[in-house]
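Enquirer:
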């Protein structure tokens with residue numbers, strides 16, 4: 089699995105994952121820092137240099153990866169001295185790898201990271217395993233309850 093910046097052509101894959109309209113996802117890609125995880129298989133067919141290696145299928149990413157190879161994503165931004173993970177999706181390994189992006193930025197800049205996680209999903213165990221701590225309830229999203237998590241690099245030193 090490899091992580092790269094999201095590009096506009098990833099909007100279809102991310103819209104499918106989030107069940108949101110493509111236009112909303114496209115705006116997210118433009119307005120936030122968004123990283124996508126692509127599978128190793130796509131890296132083998134896509135090549136690092138943008139050459140698709142003669143592979144059949146639609147090639148939609150700037151780096152030659154097929155759009156359907158997106159295995160997960162994380163979107164984040166910085167407000168009021170905190171890195172906010174505003175959206176993410178993927179399997180446990182993908183989430184762990186993707187969260188390295190906002191967490192690494194936070195460590196370099198000396199900022200905490202906050203994320204809102206649905207309480208009924210498997211992501212709760214994943215974010216706890218990578219160092220986040222529950223700090224209270226979050227907003228209801230689509231009538232589902234969430235928990236607010238925080239990672240503070242200053243507390244882990």
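Residue numbers (our numbering): 89 to 245. In this text, a Cβ means the ideal position worked out from N, Cα and C, and glycines have one as well.
Out of 213, 100, 124, 105, which has the shortest C-alpha to C-alpha gap to residue 114?
Expert: Checked all of 213, 100, 124, 105; the closest Cα to residue 114 is 100.
Enquirer: Can you give me the start and stop residues for the alpha helix (DSSP H) that residue 190 sits inside?
Expert: 180–197
Enquirer: Is the CB-CB distance between residue 122 and residue 187 below 9 Å?
Expert: no
Enquirer: Return the Cβ separation of residue 234 and residue 226 in integer angstroms, given the expectation that the two are a contact with Cβ distance under 8 Å.
Expert: 4 Å
Enquirer: If we define contact as Cβ-Cβ less than 9 Å, is residue 159 a contact residue for chain B?
Expert: Among the chains in the structure shown there is no chain B, since it carries only a single protein chain.
Enquirer: Taking the continuous beta strand (DSSP E) assigned at residue 121, which residues delimit it?
Expert: 121–126
Enquirer: Using only the alpha-carbon positions, how far apart do residue 146 and residue 243 sit?
Expert: Unreliable placement is indicated for residue 146, whose pLDDT of 46 sits below 50; the coordinate value is still reported in the next sentence. One C-alpha to the other measures close to 46 Å.
Enquirer: Please report how far the alpha carbon of residue 132 lies from the alpha carbon of residue 158, in whole angstroms.
Expert: Note that residue 132 scores a pLDDT of 46, beneath 50, so its modelled location is shaky and nothing firm can be said.
Enquirer: Quick one, which of 124, 118, 230 has its alpha-carbon nearest residue 107's?
Expert: 230
Enquirer: Alpha carbon to alpha carbon, how far is residue 180 from residue 103? Give it in angstroms, no decimals.
Expert: 20 Å
Enquirer: Output the distance between the C-alpha atoms of residue 176 and residue 126, rounded to the nearest integer angstrom.
Expert: 14 Å
Enquirer: When the Cα atoms are used, what is the spatial distance from residue 183 to residue 124?
Expert: 10 Å
Enquirer: Once you ignore the five residues that flank residue 105 on each side, which residues in its own chain have a CB closer than 6 Å to its CB?
Expert: 177
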